[in-house]
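Trainee: The numbers in the sequence shown follow this note's numbering, run straight up by one, and end at 1519. Okay, here's the structure, questions in a sec.
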Amino acid sequence: MTSGIDIELVKKGMLRLALTDWEQQEHYRISEIHKQNGELAELLTGKEARKREPALSNEVIGAMYLEKDGQVAAPQLALGFLKSASALGCVIKENVEVHSFHFSNGKITGVITSEGDFMSSNVVVTGGAWSEKLLMKIGLQLKMYPVKGECFSVRTEVPLLSRTIFTPGCYLVPKKDGRIIIGATVIPNTFNQQVTLEGIFSLMKNAKKIVPSISQSEWERAWTGIRPQTADGLPYLGEHPDYKGLFIATGHFRNGILLSPITGEVMADLIEGKSPSIDISPFRVDRSIRKTNPIMR
Ligand SMILES: Cc1cc2nc3c(=O)[nH]c(=O)nc-3n(C[C@H](O)[C@H](O)[C@H](O)COP(=O)(O)OP(=O)(O)OC[C@H]3O[C@@H](n4cnc5c(N)ncnc54)[C@H](O)[C@@H]3O)c2cc1C
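Pasting the structure below:
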C-alpha cells in the first residue's frame, strides 16, 4: 500500500472448533471442499486443538485448522485505502450524504448531495445496507436487508490465544496489540446500532464456554455495525443494465473486509471497460432488480 498504514496483518491461521458431533461431521465435509480447492484443512481432536491453544476448554471435542487464514485490523485497512486513494489524487468528502442522481439519455451524469451536485460520467454505489434505499429513489429495488452485528474487546495481561478461534456461537480474534475481539451477534432486519446487554451477554457466555479464562480479562469496549446482506447471499457487482455509468458494489454481508481488495479491482476493471480477472456473472446487478416508481432527476 502507498499509505504507510500498518493494517496489522496476522497470518497465524484459524481454528474452527467443534463442540458437538454434528459440528465435527460438518468439519469433515467442509475440509473435503477445502482440499478439493487446493486449500489446507487439518482435522484435529480436542486434545490436539488444546495442545495448540492451551486456553481452550474440555468442551472442545475437535477442530479444523485452516493454516492459510489471516486477519487484519478493519479500521486500519479502511484508513489505508483512504490514505492511498488520497495520495493517488482522490478527493475524499466525509459526512456528505448522496440524495439522488442526475441522468441524461440513459447515462449517469452526477450525484445530488447534501453539499450540492457533483458531476461524473461514472458513479459507484457502495452504500452498504443503505444502498437499496438510495437506489429505490431512482426506481430500482435490490433484494437486500440489514444484519446488525455486536462485538466487544478485552485486554489480557498475558497473551491468551495465538490464532483466530471460530465457533458458530462466537469468534475470538487475538490482535497484534494484545487485545482480543469477541464477536459477533447476527440480528437481521434492523438498522438499530445500539449495543445491547443481551447481545454482549450471549457472546460472553459463548466465549467463556470455550475459553474459560477470558472471564479474567479486562473489559475494553463494545460496538455494532450493520452488514449488507442480499436475498440470495451473493453480492451485487456490476453496471446497472438501464443506466450507463451507474455501478453498484454492495451486499458483501460478513465478508466485506476480506473481499474489499478484489471488489476494488473488479470495479476498476468494469469502469475502465476491461474484463475482470474473475467471473462476476453470479453477482450481476440485474438478477433480482425490481422496478419501483422512479423519482428521476
Ligand atoms: C460486527 C461485525 C463484524 C464483521 N466482521 C467481518 C470480518 O471479520 N471480515 C469481513 O470480511 N467482514 C466483516 N464484517 C462485514 C463488513 O464490515 C461488511 O461486509 C462491510 O463493511 C461492507 O462494506 P460496504 O462498504 O459495502 O458497506 P458499509 O461498511 O456499511 O459502508 C457503507 C457506507 O455508506 C454510507 N452511506 C449509506 N448511504 C449513504 C448515502 N446516501 N450517502 C453517503 N453515504 C452513505 C454509510 O454511512 C456507510 O458508511 C463484519 C461486520 C460486522 C457488523
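We put the CB at the ideal spot given by N, CA and C, even for glycine. Quick caveat: nothing in here was measured; it's all calculated off a predicted structure.
Where does Val1376 fall in DSSP's three states?
Mentor: Strand, per DSSP.
Trainee: Are Lys1397 and Ala1295 closer than 8 Å when you measure CB to CB?
Mentor: Yes.
Trainee: Fully enclosed by the stretch 1400–1473, which alpha helix (DSSP H) runs are 4 residues long or longer?
Mentor: Taking only runs of at least 4 residues, the alpha helix (DSSP H) segments lying wholly in the stretch 1400–1473 are 1419–1432.
Trainee: Note down the Cα distance separating Thr1412 from Arg1476, rounded to an integer number of angstroms.
Mentor: Distance between the alpha carbons of Thr1412 and Arg1476 is about 15 Å.
Trainee: Is His1474 close to ligand 3? I mean its beta-carbon at under 7 Å from any heavy atom of the ligand.
Mentor: No copy of ligand 3 occurs in the structure displayed; its ligands are ligand 1 alone.
Trainee: So, for Ile1517: in the same chain, excluding its five sequence neighbours on each side, which residues have a beta-carbon less than 6 Å away from its beta-carbon?
Mentor: At Ile1517, the pLDDT of 47 sits below 50, so the modelled position is not reliable and the matter cannot be decided from this model.
Trainee: Among the residues of its own chain, which have a CB less than 7 Å from the CB of Ile1283, if the five just before and after it don't count?
Mentor: The answer, listed in chain order, is Ala1240, Leu1241, Gln1246 and Gly1268.
Trainee: When you measure from the CB of Asn1327 to every non-hydrogen atom of ligand 1, does any distance come out below 7 Å?
Mentor: Checking the Cβ of Asn1327 against ligand 1 gives no.
Trainee: I want to know whether the stretch 1386–1401 touches the stretch 1341–1357 - three or more CB-CB distances under 8 Å.
Mentor: As far as the Cβ criterion goes, the stretch 1386–1401 does not touch the stretch 1341–1357, which means the pair count is below three.
Trainee: Pull up the DSSP beta-bridge partners for Val1232, would you.
Mentor: Val1232 is bridged to Gln1293.
Trainee: Give, in chain order, every unbroken run of the beta strand (DSSP E) that is at least 3 residues long and sits entirely within the stretch 1310–1346.
Mentor: Within the stretch 1310–1346, the complete beta strand (DSSP E) runs of at least 3 residues are 1320–1326, 1329–1335 and 1338–1341.
Trainee: Using a threshold of 8 Å, state whether the C-beta atoms of Met1236 and Arg1385 are closer than that.
Mentor: Yes, these two residues count as a Cβ contact at 8 Å.
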